[in-house]
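Going by my numbering, the sequence shown opens with residue 125, and the numbers climb by one from there.
A quick write-up on the structure given underneath.
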Amino acid sequence: MSEEMNALAMKAQNGNRKALLQLWQGVSRLAYKIAMRYKRIADLNGAVDTDDLKQCAFLGFYEAVQGFDPLQGSFPSVLSYGVRSACRSALGLTGRERKEHYTAISLDAPIPGTDDLTIADTIQDPASADAFEQTELRQDIEKALHRLPDDMESIIRLHDLEGLGLEEASAKAGHATNTGRKLRRKGFYKLRQDRCIRDHDPSVRLIYKGFRAWDRDWTSVVEEEAFRRISRGY
Numbered sequence: 125m126s127e128e129m130n131a132l133a134m135k136a137q138n139g140n141r142k143a144l145l146q147l148w149q150g151v152s153r154l155a156y157k158i159a160m161r162y163k164r165i166a167d168l169n170g171a172v173d174t175d176d177l178k179q180c181a182f183l184g185f186y187e188a189v190q191g192f193d194p195l196q197g198s199f200p201s202v203l204s205y206g207v208r209s210a211c212r213s214a215l216g217l218t219g220r221e222r223k224e225h226y227t228a229i230s231l232d233a234p235i236p237g238t239d240d241l242t243i244a245d246t247i248q249d250p251a252s253a254d255a256f257e258q259t260e261l262r263q264d265i266e267k268a269l270h271r272l273p274d275d276m277e278s279i280i281r282l283h284d285l286e287g288l289g290l291e292e293a294s295a296k297a298g299h300a301t302n303t304g305r306k307l308r309r310k311g312f313y314k315l316r317q318d319r320c321i322r323d324h325d326p327s328v329r330l331i332y333k334g335f336r337a338w339d340r341d342w343t344s345v346v347e348e349e350a351f352r353r354i355s356r357g358y
């Protein structure tokens, strides 16, 4: 099985899209299992949800394909490292702790439901947390918001920046609640694709104080990301 995966990985690395999809179908369950080890940590983190972890599973898979060298090990072992790295990057993990978040909890205490993760692995670097408030990020997000269609920008500002409920924000913007929900979803999708936002570290999930965590309402995050990358021909 490993030899077959290795062969598919080499074909995928050379641009064979059929091999990429075939390999993903063969290892997706393993990739998801590895990513879901971080679910409890994601719950503590608060800015990464299950869909984000699923996306990390594919992104880790994709990076594993691109960096695969059969002389350095089997593809499943490379996949494990790739998925773990993608999850840790999304969560902003550095192994250092802000102790006020975990008072009276041993840093070496294992996280229930995980194989080998401890509390110390879950702590975000203070510098990473401070990144949420950096002027450059705020400016880039403002630019991205201004590039949205007016109706999308309005609903996001009212709901996510001013803190109005979706029904109230929609009404204030002159829309039915369901319309407001759709506009917000489309707006967030466009924000995620904006070059200004994408240039920032993927662990940055908040716009600034008062802005909620990035929404994730995609039907299938992994498949969407997979086909987006494939359609671009890598």
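All residues carry an ideal CB built from backbone N, CA and C; glycine is no exception.
Just so we're clear, the structure is a prediction, and the values are computed from it rather than from any experiment.
Report back the beta-carbon spacing between residue i and residue j to the nearest angstrom; my notes put them in contact at under 8 Å.
i, j, result
"G298", "E277", "Incorrect: roughly 14 Å between the Cβ atoms, too far for contact."
"L203", "A155", "6 Å"
"R305", "L290", "6 Å"
"L213", "S126", "In the sequence as presented, Leu is not what sits at residue 213; that position holds Ser. Actually they are not in contact, since the Cβ atoms of S213 and S126 sit about 26 Å apart, beyond 8 Å."
"K296", "L285", "Their Cβ separation, rounded to whole angstroms, is 13 Å, which puts K296 and L285 out of contact at 8 Å."
"V172", "L217", "So it is not a contact: roughly 10 Å between Cβ atoms."
Which term fits residue i, buried or exposed, when burial requires 16 or more other beta carbons within 10 angstroms of its beta carbon?
i, result
"M138", "Checking the displayed sequence, the identity of residue 138 turns out to be Asn instead of Met. Classification of N138: exposed, given that the 10 Å Cβ count is below 16."
"I331", "With a pLDDT of only 38 at I331, under 50, the local geometry of the prediction cannot be trusted, and the value read off the model is given with reservation. Its Cβ being crowded by 16 or more others within 10 Å, I331 is buried."
"L195", "exposed"
"M129", "buried"
"L132", "buried"
"T343", "Confidence is the limiting factor: at T343 the pLDDT is only 31, short of 50, which leaves the residue's position unreliable and the question unanswerable from this model."
"A210", "buried"
"D274", "exposed"
"R308", "buried"
"D167", "exposed"
"R319", "exposed"
"A188", "buried"
"A293", "buried"
"A300", "exposed"
"R222", "Unreliable positioning characterises R222 in this predicted model, as indicated by a pLDDT of 39, which lies under 50. The coordinate reading is nonetheless provided below. Classification of R222: exposed, given that the 10 Å Cβ count is below 16."
Provide the residue span of the alpha helix (DSSP H) that contains residue i, from first to last.
i, result
"G191", "174-191"
"R153", "141-160"
"Q196", "Where Q196 is concerned, there is no enclosing alpha helix (DSSP H), given that its DSSP letter is neither H nor E."
"R309", "301-317"
"L132", "126-137"
"E292", "290-296"
"E286", "Neither: E286 is in no alpha helix (DSSP H) and is coded neither H nor E."
Give me the residue from the options with the minimum Cα distance to residue i.
i, options, result
"R153", "D173, P200, Q190", "P200"
"Q190", "T174, A136, L215, K163", "A136"
"D193", "R305, D175, K296, M134", "M134"
"K178", "R208, L217, S198, L168", "R208"
"T360", "G206, P273, K157, L145", "Since the displayed the chain opens at 125 and closes at 358, residue 360 lies outside it and no answer follows."
"D315", "G197, R212, E292, D264", "According to the sequence displayed, residue 315 carries Leu and not Asp. Of the candidates G197, R212, E292, D264, the one whose C-alpha sits nearest the C-alpha of L315 is D264."
"G206", "R164, N302, V151, K163", "V151"
"Y313", "F185, I280, E286", "I280"
"Y186", "N140, A293, L269", "N140"
"M160", "C180, Q317, L285, Q149", "C180"
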